[in-house]
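Heads up: the sequence shown begins at 37 in this note's numbering, then just goes up one per residue. For glycine and all other residues, C-beta sits at the position ideal for the given N, C-alpha and C. What follows is a short report on a single structure.
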Amino acid sequence: MKVLILNCGSSSIKYKLYDDDQQLAEGLLEKIGTAEAQLGHTVAGRKKVVSVHEILEHQAGIELILKALVDPEKGVLTSIEDIQAVGHRVVHGAESFSESTLITPEVVAKIEECIDIAPLHNPPNLAGIYAISHLLPKVPQVAVFDTAFHQTMPDKAFMYAIPYVFYARNHIRKYGFHGISHYYVSHEAAAMLGRAVDELKLITCHLGNGSSVTAVDHGRSVDTSMGFTPLEGLPMGTRCGDIDPAVPLYIMGKEELNLQQINALLNKHSGVLGISGVSNDFRTLEEESDKGDKRATLALEVFCYRLKKYIGSYIAAMNGADAIVFTGGIGENSDAVREMVVKDMEFLGVELDADKNRAKKGGVAADISKPSSRIKVLVIPTNEELVIARDTRRIAAAN
37 MKVLILNCGS SSIKYKLYDD DQQLAEGLLE KIGTAEAQLG HTVAGRKKVV
87 SVHEILEHQA GIELILKALV DPEKGVLTSI EDIQAVGHRV VHGAESFSES
137 TLITPEVVAK IEECIDIAPL HNPPNLAGIY AISHLLPKVP QVAVFDTAFH
187 QTMPDKAFMY AIPYVFYARN HIRKYGFHGI SHYYVSHEAA AMLGRAVDEL
237 KLITCHLGNG SSVTAVDHGR SVDTSMGFTP LEGLPMGTRC GDIDPAVPLY
287 IMGKEELNLQ QINALLNKHS GVLGISGVSN DFRTLEEESD KGDKRATLAL
337 EVFCYRLKKY IGSYIAAMNG ADAIVFTGGI GENSDAVREM VVKDMEFLGV
387 ELDADKNRAK KGGVAADISK PSSRIKVLVI PTNEELVIAR DTRRIAAAN
């Protein structure tokens, strides 16, 4: 079954085309809303083709993508009718969705209801759904939610210690994100260990410009670092992560900032960028740290220390762990970060093989722990699109 996967952002569309588990093509359309939108389109085994277009909204962008897929020279399909299903990454499903689902008018309405708590992400996700409904009206669509995997968290893990009425009335609670990635790497870890996922206690660390860590107990998310929004948890590229809630109020008073300004400060100008004053890119931070930049070093240390604390707390919460999994751009490629995080955890049974860790780069999964390590340390490249493709294929075939 040929399945098109769409991940629609506010000004971009990422896409992949699969035939079962085989990837046929992928691409990224950027700068939607301008006369200089750029499409980078790659067919498996060929060089990327880049073109510039005037694309003012998402439907026009998806029309362009569909044309690229059937283009006689750079396409892989003979007809748009070859697409048998479309899967959408949807960031927020709140408590309405605990699994992927066939898109119906009722499902769309529920996703629209979530706009209030995901104003930046759900509208462009919906734009993709609306566009496919218009362009390919007979093709089944499936929504795969970033929050769904975390719907197995118990009340004690997701509830905030604020008046309960805000949960009852406004649905304010921890939701968690990166669920598709955490689901994928937890199952891949089980395969690497030669055991069923429902036999294992895993801690999965998705580390990129946005980062989160999840406790996966017998295949179920029981706690995760991101919260009501992706701002909670680890310090990230530009997000502050966990801080005293009084700090924003204090800054607003001292600096005379309004709600929009403090929101931008915490989301766009904090994290390792805010600490270092240099960059939100961990490669740059490592380079500057090696040159002696103390604030770059501090930013790396704060990030790794916070992640170490989360890992320790999740080991306690699950009464043990079988493996720690690193994924995402930083998790897969930064041996320095991995080493800093698991250093001095031997008493818990975590023993890193320094040579394997330094030799490991992105692209291939690896066990970088010593044979004697009771808690294994794994590096596993994530593949969220493959999860979406498989769920889409399964649900579309059943309907």
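- In this structure residue 47 is in contact with residue 68, their Cβ atoms being roughly 5 Å apart against a cut-off of 8 Å.
- Per the C-alpha coordinates, the member of 361, 241, 287 positioned closest to residue 227 is 361.
- The continuous alpha helix (DSSP H) containing residue 340 extends over residues 330-354.
- Just so you know, the alpha carbons of residue 230 and residue 414 end up roughly 13 Å apart.
- In the DSSP annotation of this structure, residue 296 is not part of any beta strand (DSSP E); the continuous alpha helix (DSSP H) holding it starts and ends at 295-304.
- DSSP links residue 412 through a beta bridge to 359.
- In the DSSP annotation of this structure, residue 280 is not part of any alpha helix (DSSP H), being labelled neither H nor E.
- A Cβ-Cβ separation of about 4 Å places residue 387 in contact with residue 409 under the 8 Å criterion.
- Within the model, the alpha-carbon separation for residue 222 versus residue 412 is close to 13 Å.
- For residue 405, the three-state secondary structure derived from DSSP is strand.
- Secondary structure of residue 51 (DSSP, three-state): strand.
- Excluding its 5 nearest sequence neighbours in each direction, residue 42 has C-beta neighbours in its own chain below 6 Å: 51, 124, 164, listed in chain order.
- Between the alpha carbons of residue 303 and residue 114 lies a distance of about 44 Å.
- Classified as buried, residue 177 has 16 or more neighbouring CB atoms from the shown chains inside 10 Å of its CB.
- In its chain, beyond the 5 residues on either side, 71 have a beta carbon closer than 6 Å to the beta carbon of residue 90.
- Under DSSP, the beta-bridge partners assigned to residue 43 are 50.
- In this structure, DSSP gives residue 318 a helical state, which the three-state scheme calls helix.
- About 5 Å separates the beta carbons of residue 272 and residue 247, which is inside the 8 Å limit, making them a contact pair.
- Along the length of the region 191-215, whole beta strand (DSSP E) runs at least 3 residues long do not occur.
- The residues 39, 425, in chain order, have a CB closer than 6 Å to that of residue 54 in the same chain once the five nearest residues on each side in sequence are set aside.
- If you check the CB distance, residue 49 and residue 94 come in under 8 Å.
- For residue 120, same chain residues with a beta-carbon under 6 Å away, outside a window of 5 residues either side, are 37, 38 in chain order.
- Taking C-beta separations shorter than 7 Å and ignoring five residues to either side along the sequence, the partners of residue 78 in its chain run 61, 62, 63, 84, following chain order.
- As the crow flies, the alpha-carbon of residue 173 is around 9 Å from that of residue 167.
- If you keep only unbroken alpha helix (DSSP H) runs of at least 4 residues inside the region 71-146, you get 94-106.
- Just measuring C-alpha positions, the residue of 109, 103, 127 sitting nearest residue 117 is 103.
- For residue 239, the enclosing beta strand (DSSP E) begins and ends at 237-242.
- The way I'd put it, the region 192-210 doesn't touch the region 154-162; fewer than three beta-carbon pairs between them come closer than 8 Å.
- Close CB contacts of residue 399 within its chain, under the 8 Å cut and outside five residues either way in sequence, are with 368, 417 (chain order).
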